[in-house]
Amino acid sequence: MLSNYLNFEFDVQGKPVTGFCMRIQDDFHETYAVIMDGYHSFCVWLDKPSSTWRSSKYVNVEPGVLEKIINHLNVHQIA
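1 is the number of the first residue of the sequence shown in UniProt numbering; add one for each residue after it.
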(Lines of atoms letter the chains of each structure in order from A; the text may use other names.)
(Lines give C-alpha, C1' and ligand atoms only; values in the text may rest on other atoms or scores of the structure.)
Protein backbone atom coordinates (compact mmCIF):
# COMPACT_ATOMS: atom_id res chain seq x y z
CA MET A 1 0.00 0.00 0.00
CA LEU A 2 1.11 3.52 -0.80
CA SER A 3 1.57 6.22 1.83
CA ASN A 4 -1.25 8.69 2.47
CA TYR A 5 0.26 11.52 0.39
CA LEU A 6 2.29 11.56 -2.85
CA ASN A 7 3.52 14.59 -4.81
CA PHE A 8 3.97 14.40 -8.57
CA GLU A 9 5.47 16.61 -11.25
CA PHE A 10 5.91 15.69 -14.91
CA ASP A 11 5.51 17.03 -18.44
CA VAL A 12 2.81 15.94 -20.87
CA GLN A 13 3.14 17.23 -24.43
CA GLY A 14 5.52 19.94 -23.20
CA LYS A 15 3.14 21.18 -20.50
CA PRO A 16 4.20 20.89 -16.84
CA VAL A 17 1.72 19.03 -14.62
CA THR A 18 2.06 19.31 -10.83
CA GLY A 19 -0.10 18.17 -7.96
CA PHE A 20 -0.53 15.46 -5.41
CA CYS A 21 -2.53 12.35 -4.56
CA MET A 22 -3.98 11.93 -1.10
CA ARG A 23 -5.36 8.67 0.22
CA ILE A 24 -9.00 8.92 1.28
CA GLN A 25 -11.04 6.55 3.44
CA ASP A 26 -12.79 3.88 1.39
CA ASP A 27 -13.84 0.53 2.82
CA PHE A 28 -13.86 -1.20 -0.57
CA HIS A 29 -10.92 0.13 -2.65
CA GLU A 30 -7.54 1.81 -2.32
CA THR A 31 -8.73 5.32 -3.24
CA TYR A 32 -6.87 8.60 -3.83
CA ALA A 33 -8.04 12.14 -4.37
CA VAL A 34 -5.97 13.74 -7.14
CA ILE A 35 -5.42 17.48 -6.84
CA MET A 36 -3.65 19.17 -9.74
CA ASP A 37 -2.66 22.79 -10.30
CA GLY A 38 -5.10 24.35 -12.78
CA TYR A 39 -7.53 21.40 -12.90
CA HIS A 40 -10.59 20.16 -11.06
CA SER A 41 -9.79 17.45 -8.54
CA PHE A 42 -10.93 13.89 -9.11
CA CYS A 43 -10.54 10.41 -7.64
CA VAL A 44 -8.75 7.29 -8.77
CA TRP A 45 -9.02 3.90 -7.11
CA LEU A 46 -7.60 0.43 -7.45
CA ASP A 47 -10.32 -2.13 -8.03
CA LYS A 48 -8.71 -5.02 -6.14
CA PRO A 49 -10.62 -7.94 -7.69
CA SER A 50 -9.59 -6.94 -11.22
CA SER A 51 -6.33 -5.14 -10.25
CA THR A 52 -7.45 -2.27 -12.49
CA TRP A 53 -7.19 1.45 -11.75
CA ARG A 54 -10.45 3.33 -12.25
CA SER A 55 -11.17 7.07 -12.25
CA SER A 56 -14.05 9.43 -11.63
CA LYS A 57 -16.61 9.55 -14.42
CA TYR A 58 -15.93 13.13 -15.52
CA VAL A 59 -12.14 13.37 -15.41
CA ASN A 60 -11.21 16.25 -17.73
CA VAL A 61 -7.44 16.17 -18.31
CA GLU A 62 -5.30 16.03 -21.43
CA PRO A 63 -4.56 12.61 -22.93
CA GLY A 64 -1.71 10.93 -21.13
CA VAL A 65 -2.08 12.82 -17.83
CA LEU A 66 -4.26 10.19 -16.17
CA GLU A 67 -1.95 7.42 -17.40
CA LYS A 68 1.10 9.21 -15.95
CA ILE A 69 -0.63 9.66 -12.58
CA ILE A 70 -1.66 6.00 -12.42
CA ASN A 71 1.84 4.87 -13.46
CA HIS A 72 3.29 7.12 -10.74
CA LEU A 73 0.95 5.53 -8.18
CA ASN A 74 1.90 2.03 -9.38
CA VAL A 75 5.64 2.73 -9.11
CA HIS A 76 5.29 4.09 -5.57
CA GLN A 77 2.89 1.35 -4.54
CA ILE A 78 5.49 -1.33 -5.34
CA ALA A 79 8.45 0.57 -3.86
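Quick reminder that beta carbons are idealized off the backbone N, C-alpha and C, glycines included.
- Bridge partners of Val-61 according to DSSP: none are assigned.
- Between Lys-68 and Phe-10, the beta carbon gap of about 5 Å places them in contact (Cβ cut-off 8 Å).
- Between the alpha carbons of Val-17 and Phe-28 lies a gap of roughly 29 Å.
- Here DSSP, grouped into helix, strand and coil, assigns Lys-15 to strand.
- If you draw a 10 Å sphere on the C-beta of Tyr-32, you find 16 or more other C-beta atoms in it, and that means buried.
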